[in-house]
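Counting from 290, one number per residue, gives the positions in the sequence shown under the working numbering.
Beta carbons are placed, not taken as given, at the ideal position from N, Cα and C, and that holds for glycine.
Fair warning: this is a prediction, and the values are worked out from it, not measured in the lab.
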Amino acid sequence: FYKALLRISPALSDLEFLDAEFHKSVVWIKETDDIDFSVLDLTFSVDEEFLGQVTERELKANGKNIAVTEKNKKEYIERMVKWRVERGIAEQTESLVRGFHEVLDARLVSKFDARELELVIAGTVEIDVADWRKYTEYRSGYHDQHLVVQWFWAAVERYDNERRLRLL
(Lines of atoms letter the chains of each structure in order from A and count residues from 1; the text may use other names and numbers.)
(Lines give C-alpha, C1' and ligand atoms only; values in the text may rest on other atoms or scores of the structure.)
Protein backbone atom coordinates (compact mmCIF):
# COMPACT_ATOMS: atom_id res chain seq x y z
CA PHE A 1 0.00 0.00 0.00
CA TYR A 2 2.73 2.46 0.91
CA LYS A 3 4.64 1.57 -2.24
CA ALA A 4 1.48 2.30 -4.21
CA LEU A 5 1.25 5.74 -2.56
CA LEU A 6 4.83 6.38 -3.67
CA ARG A 7 4.12 4.92 -7.12
CA ILE A 8 6.81 2.32 -6.58
CA SER A 9 6.29 -0.98 -8.35
CA PRO A 10 5.83 -3.97 -6.08
CA ALA A 11 8.84 -6.22 -5.62
CA LEU A 12 9.04 -9.98 -5.59
CA SER A 13 9.71 -9.86 -1.84
CA ASP A 14 6.31 -8.17 -1.33
CA LEU A 15 4.63 -11.39 -2.47
CA GLU A 16 6.05 -13.40 0.41
CA PHE A 17 3.64 -11.81 2.89
CA LEU A 18 0.70 -11.90 0.52
CA ASP A 19 0.97 -15.45 -0.82
CA ALA A 20 3.92 -17.55 0.38
CA GLU A 21 3.35 -20.46 -2.02
CA PHE A 22 3.02 -18.22 -5.05
CA HIS A 23 6.16 -16.39 -3.92
CA LYS A 24 8.10 -19.69 -3.74
CA SER A 25 7.01 -20.62 -7.26
CA VAL A 26 8.07 -17.29 -8.72
CA VAL A 27 11.40 -17.37 -6.85
CA TRP A 28 12.02 -20.86 -8.24
CA ILE A 29 11.46 -19.57 -11.79
CA LYS A 30 13.75 -16.63 -11.12
CA GLU A 31 16.61 -18.57 -9.55
CA THR A 32 16.56 -21.75 -11.60
CA ASP A 33 18.72 -21.69 -14.70
CA ASP A 34 18.08 -23.72 -17.81
CA ILE A 35 14.39 -24.36 -17.18
CA ASP A 36 12.65 -26.20 -19.99
CA PHE A 37 9.88 -23.63 -20.34
CA SER A 38 8.17 -25.67 -23.04
CA VAL A 39 7.29 -28.24 -20.36
CA LEU A 40 5.88 -25.55 -18.06
CA ASP A 41 3.77 -24.11 -20.90
CA LEU A 42 3.84 -20.61 -19.40
CA THR A 43 2.61 -17.59 -21.32
CA PHE A 44 2.13 -13.94 -20.45
CA SER A 45 -1.41 -14.66 -19.30
CA VAL A 46 -3.11 -15.91 -16.15
CA ASP A 47 -6.43 -17.48 -15.31
CA GLU A 48 -8.50 -15.41 -12.90
CA GLU A 49 -11.57 -16.58 -11.06
CA PHE A 50 -14.27 -14.04 -10.31
CA LEU A 51 -17.65 -15.07 -8.91
CA GLY A 52 -17.05 -18.66 -9.94
CA GLN A 53 -16.17 -17.79 -13.52
CA VAL A 54 -12.64 -18.32 -14.81
CA THR A 55 -11.30 -15.89 -17.39
CA GLU A 56 -7.93 -15.55 -19.02
CA ARG A 57 -6.18 -12.25 -18.39
CA GLU A 58 -3.23 -11.19 -20.50
CA LEU A 59 -0.30 -9.65 -18.66
CA LYS A 60 0.66 -7.77 -21.81
CA ALA A 61 -0.79 -7.29 -25.29
CA ASN A 62 -1.21 -10.65 -27.02
CA GLY A 63 0.23 -12.27 -23.87
CA LYS A 64 -1.58 -15.57 -24.33
CA ASN A 65 0.48 -16.09 -27.49
CA ILE A 66 3.84 -15.13 -25.98
CA ALA A 67 5.67 -18.04 -24.40
CA VAL A 68 7.87 -17.46 -21.35
CA THR A 69 11.52 -18.16 -22.09
CA GLU A 70 14.83 -17.74 -20.31
CA LYS A 71 15.22 -14.41 -22.16
CA ASN A 72 11.90 -12.91 -21.07
CA LYS A 73 11.40 -14.55 -17.68
CA LYS A 74 12.47 -11.37 -15.84
CA GLU A 75 9.69 -9.41 -17.53
CA TYR A 76 7.26 -12.26 -16.85
CA ILE A 77 8.14 -12.23 -13.15
CA GLU A 78 7.72 -8.44 -12.92
CA ARG A 79 4.31 -8.63 -14.58
CA MET A 80 3.22 -11.59 -12.45
CA VAL A 81 4.21 -9.79 -9.25
CA LYS A 82 2.35 -6.65 -10.33
CA TRP A 83 -0.74 -8.69 -11.26
CA ARG A 84 -0.75 -10.67 -7.99
CA VAL A 85 -0.30 -7.61 -5.77
CA GLU A 86 -2.83 -5.46 -7.64
CA ARG A 87 -5.30 -8.21 -8.54
CA GLY A 88 -8.82 -6.90 -8.18
CA ILE A 89 -7.90 -3.69 -6.39
CA ALA A 90 -6.00 -1.65 -8.97
CA GLU A 91 -8.86 0.78 -9.60
CA GLN A 92 -9.55 1.33 -5.89
CA THR A 93 -5.85 1.73 -5.13
CA GLU A 94 -5.44 4.26 -7.92
CA SER A 95 -8.36 6.30 -6.52
CA LEU A 96 -6.74 6.32 -3.09
CA VAL A 97 -3.37 7.31 -4.52
CA ARG A 98 -4.90 10.18 -6.53
CA GLY A 99 -6.70 11.43 -3.42
CA PHE A 100 -3.55 11.12 -1.34
CA HIS A 101 -1.61 13.21 -3.85
CA GLU A 102 -4.34 15.84 -3.94
CA VAL A 103 -3.72 16.38 -0.23
CA LEU A 104 0.06 15.91 -0.16
CA ASP A 105 2.46 17.12 -2.81
CA ALA A 106 4.04 14.10 -4.52
CA ARG A 107 7.43 15.82 -4.44
CA LEU A 108 7.37 15.91 -0.64
CA VAL A 109 6.47 12.25 -0.10
CA SER A 110 8.80 11.02 -2.84
CA LYS A 111 11.70 11.57 -0.44
CA PHE A 112 10.54 8.60 1.64
CA ASP A 113 10.79 4.88 1.03
CA ALA A 114 7.71 2.75 1.79
CA ARG A 115 8.80 1.91 5.34
CA GLU A 116 9.52 5.55 6.20
CA LEU A 117 6.19 6.67 4.76
CA GLU A 118 4.41 4.07 6.87
CA LEU A 119 6.09 5.45 9.98
CA VAL A 120 5.19 9.04 9.03
CA ILE A 121 1.55 8.18 8.38
CA ALA A 122 0.87 5.51 11.00
CA GLY A 123 3.55 6.35 13.51
CA THR A 124 5.06 3.74 15.70
CA VAL A 125 3.67 2.32 18.87
CA GLU A 126 6.04 1.89 21.76
CA ILE A 127 5.30 -1.51 23.23
CA ASP A 128 4.86 -1.34 26.98
CA VAL A 129 6.10 -4.75 28.13
CA ALA A 130 4.73 -4.29 31.66
CA ASP A 131 1.26 -3.60 30.25
CA TRP A 132 1.52 -6.50 27.82
CA ARG A 133 2.55 -8.81 30.64
CA LYS A 134 -0.22 -7.52 32.94
CA TYR A 135 -2.95 -8.40 30.42
CA THR A 136 -1.53 -11.71 29.20
CA GLU A 137 -3.73 -14.74 29.84
CA TYR A 138 -1.90 -18.02 30.41
CA ARG A 139 -3.26 -21.50 29.61
CA SER A 140 -2.27 -25.16 29.79
CA GLY A 141 -0.67 -24.91 33.21
CA TYR A 142 1.44 -21.86 32.47
CA HIS A 143 1.37 -18.87 34.83
CA ASP A 144 3.31 -15.66 35.32
CA GLN A 145 5.83 -17.32 37.64
CA HIS A 146 6.45 -20.38 35.45
CA LEU A 147 10.15 -20.68 34.51
CA VAL A 148 9.45 -20.77 30.75
CA VAL A 149 7.24 -17.69 31.05
CA GLN A 150 10.00 -15.91 32.98
CA TRP A 151 12.48 -16.74 30.21
CA PHE A 152 10.01 -15.47 27.60
CA TRP A 153 9.56 -12.09 29.31
CA ALA A 154 13.30 -11.77 29.91
CA ALA A 155 13.86 -12.24 26.18
CA VAL A 156 11.11 -9.76 25.28
CA GLU A 157 12.66 -7.17 27.60
CA ARG A 158 15.92 -7.40 25.62
CA TYR A 159 14.16 -6.92 22.25
CA ASP A 160 14.10 -3.54 20.58
CA ASN A 161 10.65 -2.08 19.89
CA GLU A 162 10.54 -3.24 16.26
CA ARG A 163 11.17 -6.83 17.25
CA ARG A 164 8.53 -6.56 20.00
CA LEU A 165 6.04 -5.26 17.43
CA ARG A 166 6.78 -8.19 15.14
CA LEU A 167 6.39 -10.68 17.98
CA LEU A 168 3.15 -9.15 19.15
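Residue i versus residue j - alpha carbon distance
i	j	result
R404	K349	30 Å
V335	Y291	26 Å
F441	H435	10 Å
I390	A411	Just to set this straight, residue 390 is His in the shown sequence, not Ile. Using only the alpha carbons, I get a separation of about 17 Å.
T382	V370	16 Å
V357	V398	37 Å
T425	E451	20 Å
D402	L408	10 Å
K363	L304	15 Å
Q439	R396	49 Å
K353	A443	56 Å
V392	S302	30 Å
Whole-angstrom C-beta distance between residue j and residue i, which should lie under 8 Å
i	j	result
R368	F333	7 Å
I416	R447	Between R447 and I416 the Cβ distance is about 13 Å, and since that is not below 8 Å, they are no contact.
V418	V445	6 Å
Y427	D420	Their Cβ separation, rounded to whole angstroms, is 16 Å, which puts Y427 and D420 out of contact at 8 Å.
For residue i, the nearest candidate out of the options (CA to CA)
i	options	result
K360	R387, F326 and R447	F326
R455	K423, R428 and T413	T413
A309	V374, G341 and T382	V374
F339	T425, N354 and G377	G377
R422	L457, I324, L393 and G430	L457
D330	L301, I366, I355 and A379	I355
>> Which complete beta strand (DSSP E) runs does the region 307-351 hold, if anything under 3 residues is left out?
In response: 334-339 and 342-347
> Where are the alpha helix (DSSP H) runs, 4 residues long or more, that stay fully inside the region 410-445, in chain order?
Replying inline: 418-423
>> Within 8 Å, do at least three Cβ pairs link the region 308-319 to the region 290-299?
In response: no
> Whole alpha helix (DSSP H) runs in the region 346-392 with 4 or more residues, listed along the chain?
Replying inline: 362-375 and 379-392
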